[in-house]
Structure formats: structure tokens, C-alpha cells
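There are 2 protein chains.
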Amino acid sequence: MRVDTLSRTFAALADPTRRAILSRLAQGPATVTELAAPHAMTLPSVSRHLRVLETAGLVVKGREAQWRPCTLAPEPLVEADEWMAPYRDFFASRLPRLAEVLRDSSERNPT
Amino acid sequence: MRVDTLSRTFAALADPTRRAILSRLAQGPATVTELAAPHAMTLPSVSRHLRVLETAGLVVKGREAQWRPCTLAPEPLVEADEWMAPYRDFFASRLPRLAEVLRDSSERNPT
DNA sequence: CGAGTAATTGCGTAGTTTGCTAACTATGCA
DNA sequence: TGCATAGTTAGCAAACTACGCAATTACTCG
């Protein structure tokens, strides 16, 4: 079983349904049923996806009567973003050169 | 089986060994054996991790005699970064407010 | 209490991932 | 040709993942 936060975060993001849930939650809290609605999937399945997100710390579930309003939690995404930052710099410095290479090669071998 | 690029990218990132390989490659190309050295794992296992990274498009393997010099490939990480960007904005605008909420709640319910 | 809504849990199935060892391919060099 | 190095493939077991259906919990309201 994976223990470190970063691995759990990325694993949680490695699913289209879960990413869709997160982007929905970025617009505000929602209940499980609301989150499930757009997906061609049973409620239990969505509930489990939510549990993965919750375990990863990406979602926090509240309790209001029989509803569990879900909220987006920033920390793990911030951490993932921080992990990516050095690569962003890396690309920023190399991308112009890459563009140059692509331009040169397209001159020799036009698309 | 997952098909979309983003899912494959995040799945590839969801492993400490693979992330370590990427950060090593950010400093320049390396052979499979060189990449395997720091890890308490057999060479075949590392080779498989590399295949995951290659399938995700994060690593490109060359061919020089009996060596396969591996290079970091930017595109999938750029795409992952682009997926994250809106959340980055989201947090930037909400983090101060979140801090405020946390401060208020700690006044009512001190830790 | 009983009916209805919201959500989770149990269980079975199918497929994937990860690690190992052993065997194999490919290349270089004497 | 024969040996050493670099790396992959095959085969296996254990663990994990994703899904559906059925049952269960938790709560509201009449």
C-alpha cells in the first residue's frame, strides 16, 4: 500500500471521474448525489471515488442531516504543484530551444 | 485500462521510484543501470518502471550500442501542469480566506 | 413508528500493477 | 568464437482497483 502523500495524490488524480469531481467542486460544495449525477456510474461507485479523494485529502466531507456536503481541499494539490514546479522551470528553459529545433526540422521536412 | 493521457501521466507519477527517476533525469540523460542504482530493487523492476514512464510519454529511450540512454520528455508534464493551473488560481484566491476561516475557528475551538 | 431520501458497506468479479527469479536478446571486445 | 555487459521478456504470486448489485445505516418528516 502506498503511504506517501504525493503518491496518494497523484493516484487519486489518475482517474477521469475523480478529476471531473474535483473540477465540479472547484465551483463550490456539492452532495454525493449531485456529484454522481453527470457520471454513468452507480452511486456506490461514485461514493468510493469520493473516498479515494477523501483519503488523499483532496476532499473534505461534512455532515448535514443525511447529506455529506463535499468540499475541495487545497493542500495535497498545492503539494503536487510544488513537486511540479522545478520541472516547470526546467521546461521553461528548454522549451524555447525545443521550439527552435522543431522549427529547424520543419524547414528541412515541412509538414 | 486507462486511455487518456492525463490519467496515464498522473498514474505514472503516483510512485516514488518513478518520481525519483524523473528527478534524476531532470539533471540529464542516464542509462537504465544508472537509474536503477539508487533503488533497492532489481533491474527488471526498474526496467518496468521505465516502461511505464515511457508509455506515459515522460521518458524517451535512445539506443547507443548496448545502452539505452533515457531522456526526460516534457509534454505530458506540461499537460499535467496545465490541468493544475486553474486550481493554482483557485487556491491563490481562496487561501487567504481559508486562513481567515481557520483563525476564526481556532478562536472558538482552540487546538 | 413507518416511509422515503442520502449515502455507505459487503461481497463477488474482472482486470491491472508490482515485485521476484530465471532465461533471453543485443552489443562490444579479445 | 566466446565471454562480459546492458537490458528486456516470461512466468508467477500477492496486492490493489474498479465496477455492479444487494443490503444496511443514518437521518427527516408525516
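Residue numbers (this note's numbering), protein chains in the order written: chain A, 978 to 1088; chain B, 978 to 1088.
Glycine included, C-beta positions come from ideal geometry on N, C-alpha and C.
_chain A within 9 Å of residue 984 of chain B, Cβ atoms only_ = yes
Worksheet item: Does any C-beta atom of chain A lie closer than 9 Å to the C-beta of residue 1018 of chain B?
Response: no
task = Anything in chain A within Cβ reach of residue 990 of chain B, meaning under 7 Å, just list it in chain order.
result = 987
Check the Cβ-Cβ distances between residue 1027 of chain B and every residue of chain A, and say whether any is below 9 Å. no
Buried versus exposed call for residue 1036 of chain B [16 or more other C-beta atoms within 10 Å across all chains shown] = buried
ask   = For residue 1035 of chain A, which of helix, strand or coil comes out of DSSP?
value = coil
query: Using 8 Å as the threshold, is the stretch 989-998 of chain B in touch with the stretch 1013-1029 of chain B, meaning 3 or more CB pairs across them?
result: yes
Q) Helix or strand or just coil, what does DSSP make of residue 1019 of chain B? A) coil
(message) I'd like the span of the beta strand (DSSP E) that includes residue 1048 of chain B, first residue to last.
(response) 1047-1049
* Go through the stretch 979-1009 of chain B residue by residue and report every complete run of the alpha helix (DSSP H) that reaches 4 residues or more, in order. => 982-990, 993-1002
Item to check | Sub-9 Å separation of residue 985 of chain A and residue 1032 of chain A beta-carbons | outcome: yes
Check: What's the C-alpha gap between residue 1025 of chain A and residue 981 of chain A?
Finding: 20 Å
*Shorter than 9 Å from the beta carbon of residue 1055 of chain B to some beta carbon of chain A?*
yes
Item checked: When B:1060, B:1069, B:1068, B:1067 are compared against residue 992 of chain A, the one with the closest alpha-carbon -> B:1060
Within 9 Å, strictly: CB atoms of residue 1038 of chain B and residue 1051 of chain B: no
Distance CB(residue 1048 of chain B)-CB(residue 1002 of chain B) smaller than 9 Å: yes
Requested in this report: Starting from the beta carbon of residue 1063 of chain B, find every residue of chain A whose beta carbon is closer than 9 Å, and list them in chain order.
Outcome: 1000, 1003
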